[in-house]
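Residue numbers (this note's numbering), protein chains in the order written: chain A, 5 to 251; chain B, 1160 to 1295.
Glycine included, C-beta positions come from ideal geometry on N, C-alpha and C.
Computed from a predicted model, the values in this text were never measured in an experiment.
To start, the structure itself, in structure tokens.
The structure is reproduced here in structure tokens:
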């Protein structure tokens, strides 16, 4: 094909790519005059794993806490938000987790509502940690949780700007940035196995656990070859540790 | 002002308040008197929407659901401990039709009926309290 060079797949914009990925398709072919020539379902093309775990395999954390979000089960009851705020003393103006909403047109004239729970992605390569001038935010050396040391925080909000997920807010009471820490201080360190949000969810949307353990439920969920797994904003290279799926 | 006037005035005020109350409760319970309007369930989760008109347009009659599956009085089903998805899967309440044959199954298309806290706030005119994630 003569115009192959000018229409390489990497010339496709991120927006176009995302649109196709939303449809569960992966771009493998070429663009010619705006028409995609080759689309195959992700699950068919990569039969062994639907998600590319490149960059995730060198985890040094044990346990390595993460969460799998079974997105299509979320009905925005917000019991997770209530439980989180109560457990972690999140003020009315703040948030450690929230639910995003959007409507997609499934066919002309027919709209379907999608609720998307979001929280700190506890990235493998967290931009917030990289930019913090005082090391007030850091990866927990054992379990990979992105932690906050309020005492070291000077409130410069650089981490808020760096975070690709808008997962941070300034807490007026502690005069520091606050964020999700998987309830480390309030629950996990006290022997509880689940975060407050995961425990409160009536639809088992938030599946929390050790993703370094092949026997854990979240590990098994994201290692099913026939399921499409995705993360939010993979293009930032942050290697987020919150995985999404529909089942 | 004599006693008669006072009594009349008091009655008028009482009627006005009672009238306001009726109007308010109607606005919450139903938009249209004839078909029961829009029902919003808030228990056990907030919130689930039921549109009488959509179901009437499909040819259902009042007695298709009342009084066997649901009492006429709005809010009665919510009082029951078994008003949940498990009961629906067992063919109770909405599950009598939403079984995958008569209508789409109760364990599919969750957000067709579940409008969430956001949907509830929109319908009841409450604005979202905080804009936490507004900048995306």
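- Against chain A, the CB of residue 1253(B) has no partner CB under 8 Å away; the residue lies outside that interface.
- As DSSP reads the structure, residue 1198(B) sits in a beta bridge with 1209(B).
- For residue 1193(B), the closest alpha carbon among the candidates 1207(B), 1212(B) and 1282(B) is that of 1212(B).
- Residues of chain A with a Cβ closer than 8 Å to the Cβ of residue 1195(B) do not exist, since the nearest Cβ in that chain sits about 23 Å away.
- Between the beta-carbon of residue 209(A) and that of residue 121(A) there is about 6 Å, and that keeps the pair under the 8 Å contact cut.
- One Cα belongs to residue 67(A), the other to residue 206(A), and the distance between them is close to 25 Å.
- Counting the other CB atoms within 10 Å of its CB gives residue 93(A) a total below 16, which places it among the exposed residues.
- DSSP places residue 173(A) in the uninterrupted beta strand (DSSP E) bounded by 172–175.
- Among the CB atoms of chain A, one or more fall inside 8 Å of the CB of residue 1270(B).
- Residue contact check for residue 1284(B) against chain A: no CB pair falls below 8 Å.
- Looking at the DSSP output, residue 152(A) sits in a beta bridge with 141(A).
- The alpha-carbon of residue 235(A) is positioned some 9 Å away from that of residue 249(A).
- A Cβ-Cβ separation of about 6 Å places residue 98(A) in contact with residue 182(A) under the 8 Å criterion.
- Taking 8 Å as the cut-off, the Cβ atoms of residue 1275(B) and residue 81(A) count as close.
- The C-alpha of residue 74(A) lies about 31 Å from the C-alpha of residue 162(A).
- Of all C-beta pairs linking the stretch 166–175 of chain A to the stretch 1198–1209 of chain B, fewer than three are shorter than 8 Å, placing the two stretches out of contact.
- Note: residue 211(A) is bridge-paired with 72(A) in the DSSP secondary-structure output.
- Non-local C-beta neighbours of residue 1243(B) in its own chain, meaning closer than 7 Å and more than five positions away in sequence, comprise 1203, ordered along the chain.
- The beta carbon of residue 106(A) sits closer than 7 Å to the beta carbons of 118 from its chain, once the five residues preceding and following it are set aside; these are given in chain order.
- In the DSSP annotation of this structure, the continuous segment of the alpha helix (DSSP H) that includes residue 221(A) starts and ends at 221–226.
- Taking C-alpha positions only, residue 200(A) is separated from residue 1252(B) by approximately 31 Å.
- Residue state for residue 93(A) is assigned as coil, using DSSP reduced to three classes.
- Counting along the chain, no alpha helix (DSSP H) covers residue 182(A); the unbroken beta strand (DSSP E) around it starts and ends at 180–183.
- For residue 109(A), the uninterrupted beta strand (DSSP E) run begins and ends at 101–111, by DSSP.
- Remark: C-beta atoms of residue 91(A) and residue 123(A) do not approach each other more closely than 8 Å.
- DSSP, reduced to helix, strand and coil, places residue 1217(B) outside both helices and strands of the structure shown, so it counts as coil.
- Shortest Cα-Cα distance from residue 61(A) to any of 111(A), 251(A), 223(A) and 84(A) involves 223(A).
- Residue pairing of residue 118(A) in beta bridges, as defined by DSSP: 106(A).
- The Cβ atoms of residue 72(A) and residue 225(A) lie closer than 8 Å to each other.
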